[in-house]
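Notes follow the structure.
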Amino acid sequence: ELTGGVVALIFRNQTINFLNNNIRRGIENYYDDLDFKNIMDSVQKRFKCCGGEDYKDWSQNVYHNCAAPGPLACGVPYTCCVTNKTDIINTMCGYKTIDKERLSAQRVIYVRGCTNAVLIWFLDNYSIMAGVLLGILLPQFLGVLLSLLYITRVEDIIAEHKLNETLFGEAQRSASEFAGAGCCMCYPG
1 ELTGGVVALI
11 FRNQTINFLN
21 NNIRRGIENY
31 YDDLDFKNIM
41 DSVQKRFKCC
51 GGEDYKDWSQ
61 NVYHNCAAPG
71 PLACGVPYTC
81 CVTNKTDIIN
91 TMCGYKTIDK
101 ERLSAQRVIY
111 VRGCTNAVLI
121 WFLDNYSIMA
131 GVLLGILLPQ
141 FLGVLLSLLY
151 ITRVEDIIAE
161 HKLNETLFGE
171 AQRSASEFAG
181 AGCCMCYPG
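In full-length UniProt numbering, the protein residues as written are 1 to 189.
Structure, rendered in structure tokens:
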């Protein structure tokens, strides 16, 4: 987990491109994949963003593409819309916005991409994220360390037992030697 985070920071541009490409693929299947739809809607509402890289990513969807015949053509989902908490949700507010310029579209929808919005949120909450990461990694590290100590101790006990057998000549007795002994090992066989 830590290695993945470090690699993602080192290759930041490649990571952002990877995320944007995956979001675009998800947008293509937005109405077919209910899990992705719910996650994307939630992220767009929470971070006040639209699409992966920007709002024009929605043109990748067959229903939102400007060449599409339906009412969703050239539009974005309503979760991209700029709203007040007191307003009634207008599910048609994002219609015919993909072909608009960024400045005119920003009055109606969020034009910032969700990848950048989430990345900015992570950077703004860096100390909290570091604490969460430490809270996740520290118990794992302690578990590995304690397991290593336990294994080392068991190996030492096994080595000590084998050494005692060699020094004192106590060979391992077979099960047949204890067959008639019952609960008393000292019973003469």
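Every residue, glycine too, gets a C-beta built ideally from N, C-alpha and C.
Can you tell me whether residue i is buried or exposed, with buried defined as 16 or more other CB within 10 angstroms of its CB?
| i | result |
| --- | --- |
| residue 189 | Caution is warranted here: a pLDDT of 48 is assigned to residue 189, below 50, making its placement in the model unreliable, and the coordinate value is therefore given only provisionally. Exposed, since its Cβ has fewer than 16 Cβ neighbours within 10 Å. |
| residue 58 | buried |
| residue 123 | exposed |
| residue 75 | buried |
| residue 126 | exposed |
| residue 54 | buried |
| residue 115 | buried |
Kindly indicate the opening and closing residues of the alpha helix (DSSP H) around residue i.
| i | result |
| --- | --- |
| residue 190 | Nothing in the structure corresponds to residue 190, since the chain is present only between 1 and 189. |
| residue 42 | 34 to 47 |
| residue 15 | 12 to 28 |
Cutting at 6 Å between CB atoms, please list the residues of its own chain near residue i, excluding the five before and the five after it.
| i | result |
| --- | --- |
| residue 48 | 110 |
| residue 12 | none |
| residue 15 | 8 |
Nearest CA to the CA of residue i: which residue from the options?
| i | options | result |
| --- | --- | --- |
| residue 98 | 134, 50, 161 and 43 | 50 |
| residue 102 | 56, 136, 115 and 64 | 56 |
| residue 95 | 84, 89 and 64 | 64 |
| residue 61 | 88, 39 and 26 | 26 |
Could you give the C-beta distance for residue i and residue j, rounded to a whole number, given that I count them as a contact under 8 Å?
| i | j | result |
| --- | --- | --- |
| residue 113 | residue 52 | 6 Å |
| residue 43 | residue 82 | Actually they do not touch by this definition, with Cβ atoms about 16 Å apart. |
CB-CB under 7 Å to residue i, same chain, minus the five flanking residues each way: which ones, in chain order?
| i | result |
| --- | --- |
| residue 91 | 78 |
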